[in-house]
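Chemist:
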Amino acid sequence: MTTALDFGTSTTLVATADGVVPIGTIDAALPSIIGYDDDGTLVIGEQAEALSPTQAVRSVKRSITERRDFVPVDLPAGVRDVRVDDLIGHLLHEAVRRAAARGVDLTASGVRLGCPAMWDGRQRRRLLDAATRSGLPLTLESLVDEPVAAGIAWLAAHARSVSGDPSGGAWEAEAPLRVVVFDMGGGTLDVAVLDVRGPHHREVSVLAALGAPEAGDALDEAIADDLDFALARYGVDTDSLPRPDRARELLLDAARRVKIRLSTEEETPVPLHRDTFGRVELWYTRDQLNAVFSRQMDRAEQYVAAALRVARLTELVGRSAHEIARLPLATVVADVDLVLLSGGMSQIPYVAERLRRIFPETTRIEFAAARPHHAVAIGLAHTEGYGRVNMYRPAFDVALEWDNGRGFRTIYEAFTPLVEAVQVARGSADLRYVRTGPELGLPRQGTGILRVKSYSDTRVRATVSGAKLDGYTVTLSDSFEFSIYPNGRIKIVDGAGTHEGQIEDWHTIG
Amino acid sequence: MFATDPLAAVLTVLREAGPDRELRAEEIKRALVERGVPENRLHAWRRVQERLVGHERVAVGGDRYHRTYRWLPESPPPTPDQALALLAEHRLPAQRRVELVEVVRAALASREDASGPAADPVHVARLEQRERDAVRALAELAIEVEELVTNEASSRAVVHTVRSLTKLADLRPIERAGEMTRFDRTRHTSVGGRIADGAPVLVLRPGYIWNRGDEEILIARAVVQDRSPS
Chain A
1 MTTALDFGTS TTLVATADGV VPIGTIDAAL PSIIGYDDDG TLVIGEQAEA
51 LSPTQAVRSV KRSITERRDF VPVDLPAGVR DVRVDDLIGH LLHEAVRRAA
101 ARGVDLTASG VRLGCPAMWD GRQRRRLLDA ATRSGLPLTL ESLVDEPVAA
151 GIAWLAAHAR SVSGDPSGGA WEAEAPLRVV VFDMGGGTLD VAVLDVRGPH
201 HREVSVLAAL GAPEAGDALD EAIADDLDFA LARYGVDTDS LPRPDRAREL
251 LLDAARRVKI RLSTEEETPV PLHRDTFGRV ELWYTRDQLN AVFSRQMDRA
301 EQYVAAALRV ARLTELVGRS AHEIARLPLA TVVADVDLVL LSGGMSQIPY
351 VAERLRRIFP ETTRIEFAAA RPHHAVAIGL AHTEGYGRVN MYRPAFDVAL
401 EWDNGRGFRT IYEAFTPLVE AVQVARGSAD LRYVRTGPEL GLPRQGTGIL
451 RVKSYSDTRV RATVSGAKLD GYTVTLSDSF EFSIYPNGRI KIVDGAGTHE
501 GQIEDWHTIG
Chain B
1001 MFATDPLAAV LTVLREAGPD RELRAEEIKR ALVERGVPEN RLHAWRRVQE
1051 RLVGHERVAV GGDRYHRTYR WLPESPPPTP DQALALLAEH RLPAQRRVEL
1101 VEVVRAALAS REDASGPAAD PVHVARLEQR ERDAVRALAE LAIEVEELVT
1151 NEASSRAVVH TVRSLTKLAD LRPIERAGEM TRFDRTRHTS VGGRIADGAP
1201 VLVLRPGYIW NRGDEEILIA RAVVQDRSPS
């Protein structure tokens, strides 16, 4: 049985294929908050919510994204830097403990842990190390890209209508699907482009995955600003109030609540405290919310377009980056079959409205799961039987050995992006991952053997000049160069010439 | 025996009369006297009489003033459904309630053993979570209303907030307090006497329908008062 652990920025969820397993004391989720109380005792989850902001670490997962090793925490001895990985380990251990109390053993095999698709190998290993120290029997193969999980959540729920029951689905049984996962959470926006194909749509590939540190928090601030202006029209100048800082806190709280309420209502009264703002009754409408949200959604659309352009690089019949960068938006969205909304912020109706405007009518826009913030956890629990390939950040190392294994270099480290979005945006002519002999400090003569180590459930089948990449012998020279292109093409330049190859497991796109 | 356990003595009388014979109170008292119970002790009959109602081996017939009592042959224990119906529909003696509760409890336990889900801690956790979600939704409603009232929000704001929150629980309101409408017995209930369908009524309290998937469940009818011209 596959069990899932979704270590999210705000909350941590556990799920089995039957659904989410409650591990919170109030909600089903454990709040991803950790800190130390006044006597230095470690406090996790709901209890940590009661700590002062300086005693608690919220969104600790973001520290991995931002590559921070330490965070400042207010301890009895004063403010100290605490190791991020230790805090994550404690949080995951608490999730393991609570799941065990519910009869779910996360220390058994078959556990899947989600991670952002944009994380590289080093970031993934940090999470993995923290998880294994918490008793989770994980390897890199156990980590699943979160957008892939969200896609699988939808596919698992719609398996019949998509592929098994032609009358219930809009697509042919085994026709490939191009899917965009739009995951807007509390702190980040993640956009991934997936290719789904194979019998029963069980082969899921990540073609592109981009992230931006802007989501719910930014909108709360924008709404609070708008409420501030609205109050000014009633003669309430928050800057002139005795405690403007407290007034701002109240406006931010009101903004969060208004945002949630307007997911289901066209208008809502703004909860304003009479003692602070006087007797003002303010109403806020969905149109007002959409207006302050529009600039953020403009940027979100640009991320969607950028991700779709990066995904185009996987086409075998390649266009130049310059051409791809100049493709009109209508062209890059044209072949998208499905947009899946994931994360709490995607429940704001304006998100779907805006995406509806840029995608063709034939593109379905749906929530990845009935509760979008549960989509990743549910998808992780259904990964059994789904092939998963990350073509944007391939899940394998390529290493070069020489001198009977005494010399060794990793020439491609798993999960390193083959190209950066900025390269596409700039129209760079040479879009590939490339490393040269001098960069790697390789010997200038002799022979070496290439080794491939996979970190996914899917074996890597790659060939060069008709021979397997794993075990391929190269002639070392000053001109040594190893390249992987986004469409799976491999090019090796060595002392004997230029050798072409291909990663054959990747879907043939285009 | 009657002095120490009057119920047991009466049951003996009924049992010996057999299941085919209904006895009136006078006949039972006479039988007790014939068995040596002093007449001045028969005042205990009133307490026994109360305990015979609902006794598993006694059928009580007749009307309030001419009750009859008949011994019931031993019957199989009630099924869990029968036990549940008896518990729900009758005011039973404590001992009888305990026995019936045990029947229901045993049935639930055996079902858990056989099929597993109720005994499965994950299943239990999910059921508990559903309960917590429902209670929390109620608490959130209470929190919002108290906050609005404290801040002297308008009735429009209070009603709007209440209806937003009930909508999240898939509750659909029936009418709005204070408005006039036409009586509809399927959606309204009268605070007073009978009201003819279609008669003008004032809504005193709204009702709610629960949209549970495709199913519509009437949770509460709107309470109305007849405002027909007299």
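Chains as they are written, first to last, in my numbering: chain A, 1 to 510; chain B, 1001 to 1230.
We put the CB at the ideal spot given by N, CA and C, even for glycine.
The structure displayed is predicted, hence computed values, not measured ones.
Please go through the same chain and pick out, in chain order, the residues whose beta-carbon is closer than 6 Å to the beta-carbon of T238(A), but skip the five residues on each side of it.
Modeler: Position 238 of the first sequence holds residue 238(A). For T238(A), where only same-chain residues beyond five positions count, the Cβ hits under 6 Å are D228, P244 and A247.
Chemist: From the DSSP output, read off the bridge partner residues of L177(A).
Modeler: Within the first sequence, residue 177(A) is the residue found at index 177, counting from 1. Answer is V196(A).
Chemist: Please go through the same chain and pick out, in chain order, the residues whose beta-carbon is closer than 6 Å to the beta-carbon of G19(A), but skip the five residues on each side of it.
Modeler: On the first sequence, residue 19(A) is found 19 positions in, with the first residue counted as 1. Excluding sequence neighbours, G19(A) sits near nothing in its chain.
Chemist: Check each candidate in R261(A), A131(A), Y303(A) and V181(A) and name the one with the smallest Cα separation from P213(A).
Modeler: Here the question's residue 213(A) lines up with position 213 in the first sequence. If we check each option's Cα against that of P213(A), Y303(A) comes out closest.
Chemist: Tell me which residue opens and which closes the beta strand (DSSP E) that D81(A) is part of.
Modeler: In the first sequence, counting from the first residue as 1, residue 81(A) sits at position 81. From DSSP, the beta strand (DSSP E) with D81(A) extends over G78 to R83.
Chemist: If we require 4 or more residues per run, which alpha helix (DSSP H) segments fall completely within the stretch 395 to 453 of chain A?
Modeler: Complete alpha helix (DSSP H) runs here, min 4: 421 to 425 and 437 to 440.
Chemist: Helix, strand or coil for I378(A), going by three-state DSSP, please let me know.
Modeler: The sequence position of residue 378(A) within the first sequence is 378, counting from 1. Helix at I378(A).
Chemist: Please report whether the beta-carbon of E1146(B) lies at a distance below 8 Å from any beta-carbon of chain A.
Modeler: Sequence index remark: in the second sequence, residue 1146(B) carries index 146 (1-based). Taking Cβ atoms only, chain A never reaches closer than 8 Å to E1146(B), which makes this a no.
Chemist: For the putative contact between L308(A) and V193(A), defined by C-beta atoms under 8 Å, what is the C-beta separation to the nearest angstrom?
Modeler: Here residue 308(A) refers to the residue found at position 308 when the first sequence is read from its first residue. Here residue 193(A) refers to the residue found at position 193 when the first sequence is read from its first residue. Sure, about 6 Å apart at Cβ, within 8 Å.
Chemist: I want to know whether the stretch 389 to 396 of chain A touches the stretch 195 to 214 of chain A - three or more CB-CB distances under 8 Å.
Modeler: The stretch 389 to 396 of chain A, when compared against the stretch 195 to 214 of chain A, does touch it at the 8 Å Cβ threshold.
Chemist: Take A56(A) and list the residues in its own chain whose beta-carbon comes closer than 6 Å to its own, dropping the five residues that flank it on each side.
Modeler: Residue numbering aside, residue 56(A) sits at position 56 when the first sequence is read from its first letter. So the qualifying residues of the chain are I33, G35 and A48.
Chemist: Under DSSP, the beta strand (DSSP E) around G531(A) begins and ends at which residues?
Modeler: With chain A running from 1 to 510 in the structure shown, residue 531(A) is simply not present.
Chemist: Would you please state the rounded distance, in angstroms, between the beta carbons of L143(A) and L128(A)? I believe it to be under 8 Å.
Modeler: Mapped onto the first sequence, residue 143(A) falls at position 143. Mapped onto the first sequence, residue 128(A) falls at position 128. About 7 Å separates the two Cβ atoms, so the contact holds.
Chemist: With 16 other CB atoms within 10 Å as the buried threshold, where does E266(A) fall?
Modeler: The residue given as residue 266(A) occupies position 266 in the first sequence. Classification of E266(A): exposed, given that the 10 Å Cβ count is below 16.
Chemist: When you compare only the Cα positions, how much space is there between D494(A) and P147(A)?
Modeler: Position 494 of the first sequence, counted from the first residue, corresponds to residue 494(A). Position 147 of the first sequence, counted from the first residue, corresponds to residue 147(A). Each residue's Cα considered, the two are about 38 Å apart.
Chemist: What residues from chain B crowd round T268(A), counting only those whose CB sits closer than 8 Å?
Modeler: Numbered from 1 along the first sequence, position 268 holds the residue referred to as residue 268(A). Under the 8 Å cutoff, chain B gives H1160, T1161 and S1164.
Chemist: Does any residue of chain A have a CB that is nearer than 8 Å to the CB of A1157(B)?
Modeler: Locating residue 1157(B) in the second sequence gives position 157, where the first residue counts as 1. Judged by the 8 Å Cβ criterion, A1157(B) is in contact with chain A.
Chemist: Three Cβ pairs or more, each shorter than 8 Å: is that satisfied between the stretch 6 to 22 of chain A and the stretch 1121 to 1140 of chain B?
Modeler: Touching, yes.
Chemist: Rounding to the nearest angstrom, what Cα-Cα distance links R432(A) and H499(A) in this structure?
Modeler: Reading the first sequence from its first residue, position 432 is the one you call residue 432(A). Reading the first sequence from its first residue, position 499 is the one you call residue 499(A). In a straight line, the C-alpha of R432(A) is about 16 Å away from that of H499(A).
Chemist: Could you give the C-beta distance for F515(A) and V236(A), rounded to a whole number, given that I count them as a contact under 8 Å?
Modeler: As shown, chain A starts at 1 and ends at 510. That puts residue 515(A) outside it, with no answer to give.
Chemist: Please determine if the stretch 1200 to 1211 of chain B and the stretch 1170 to 1178 of chain B are in contact, where contact requires at least 3 C-beta pairs separated by less than 8 Å.
Modeler: These segments touch.
Chemist: Sorted by chain position, which residues of the same chain lie with C-beta nearer than 7 Å to D85(A)'s C-beta, five sequence neighbours on each side aside?
Modeler: Here residue 85(A) corresponds to residue number 85 of the first sequence, with the count starting at 1. The answer, listed in chain order, is R126, D129 and A130.
Chemist: If you compare alpha carbons, which of E323(A), L476(A) and I490(A) is closest to L418(A)?
Modeler: As a first step, residue 418(A) is located in the first sequence; it is residue number 418 there, counting from the start. With distances taken between Cα atoms, L418(A) lies closest to I490(A).
Chemist: Just to confirm my understanding: we take A1059(B), look at its own chain, exclude 5 residues before and 5 after, and list those with CB closer than 6 Å. What are they?
Modeler: Translated into the one-based positions of the second sequence, residue 1059(B) becomes position 59. Cβ neighbours of A1059(B) beyond the five flanking positions: R1070 and L1072.
Chemist: To the nearest angstrom, how far is it from the Cα of P1006(B) to the Cα of E1102(B)?
Modeler: Numbered from its first residue, the second sequence carries residue 1006(B) at position 6. Numbered from its first residue, the second sequence carries residue 1102(B) at position 102. Taking the straight line joining both Cα atoms gives about 26 Å.
Chemist: What's the call for I492(A), buried or exposed, on a 16-neighbour Cβ count within 10 Å?
Modeler: What you label residue 492(A) is simply residue 492 of the first sequence in a count that begins at 1. Buried, by the Cβ-count rule.
Chemist: State the Cα-Cα distance for the pair L440(A) and I88(A), rounded to the nearest angstrom.
Modeler: Translated into positions along the first sequence, residue 440(A) becomes position 440. Translated into positions along the first sequence, residue 88(A) becomes position 88. L440(A) and I88(A): Cα-Cα distance of roughly 33 Å.
Chemist: What does the alpha-carbon distance come out to for the pair V179(A) and E401(A)?
Modeler: For this step, residue 179(A) is matched to residue 179 along the first sequence. For this step, residue 401(A) is matched to residue 401 along the first sequence. Spanning the two alpha carbons is a distance of roughly 39 Å.
Chemist: Any idea which residues DSSP pairs V206(A) with across the strands?
Modeler: Walking along the first sequence from the start, residue 206(A) turns up at place 206. L194(A) and N390(A), per the DSSP bridge assignment.
Chemist: Which residue marks the beginning of the alpha helix (DSSP H) containing P360(A), and which one marks its end?
Modeler: On the first sequence, residue 360(A) is found 360 positions in, with the first residue counted as 1. Careful: P360(A) lies outside any alpha helix (DSSP H) and carries neither H nor E.
Chemist: Just to confirm my understanding: we take A325(A), look at its own chain, exclude 5 residues before and 5 after, and list those with CB closer than 7 Å. What are they?
Modeler: Working through the first sequence from its first residue, we reach residue 325(A) at position 325. These residues qualify, in order along the chain: R309, V424, A425 and G427.
Chemist: Using the Cβ count rule (16 or more neighbours within 10 Å means buried), how would you classify Y1065(B)?
Modeler: The residue labelled residue 1065(B) in the question sits at position 65 within the second sequence. It counts as exposed.
Chemist: My output table needs one value for G164(A): the three-state DSSP class, helix, strand or coil.
Modeler: Position 164 of the first sequence, counting from 1, holds the residue named residue 164(A). Annotation note: pLDDT 42 at G164(A) (below 50); position unreliable, coordinate value reported separately. DSSP places G164(A) in helix when its eight states are reduced to three.
Chemist: Measure the beta-carbon distance from I152(A) to G379(A) and round it to whole angstroms, keeping in mind my assumption that it falls under 8 Å.
Modeler: For the purposes of this step, residue 152(A) is taken as residue 152 along the first sequence, with counting starting at 1. For the purposes of this step, residue 379(A) is taken as residue 379 along the first sequence, with counting starting at 1. Contact holds; Cβ gap of about 4 Å.
Chemist: Among S240(A), V460(A) and A375(A), whose alpha-carbon lies nearest the alpha-carbon of V181(A)?
Modeler: The count along the first sequence starts at 1 and reaches residue 181(A) at position 181. Nearest of S240(A), V460(A) and A375(A) to V181(A), Cα basis: A375(A).
Chemist: Bridge partners of D494(A), per DSSP?
Modeler: Start at 1 with the first residue of the first sequence, and residue 494(A) comes out as number 494. Per DSSP, G497(A).
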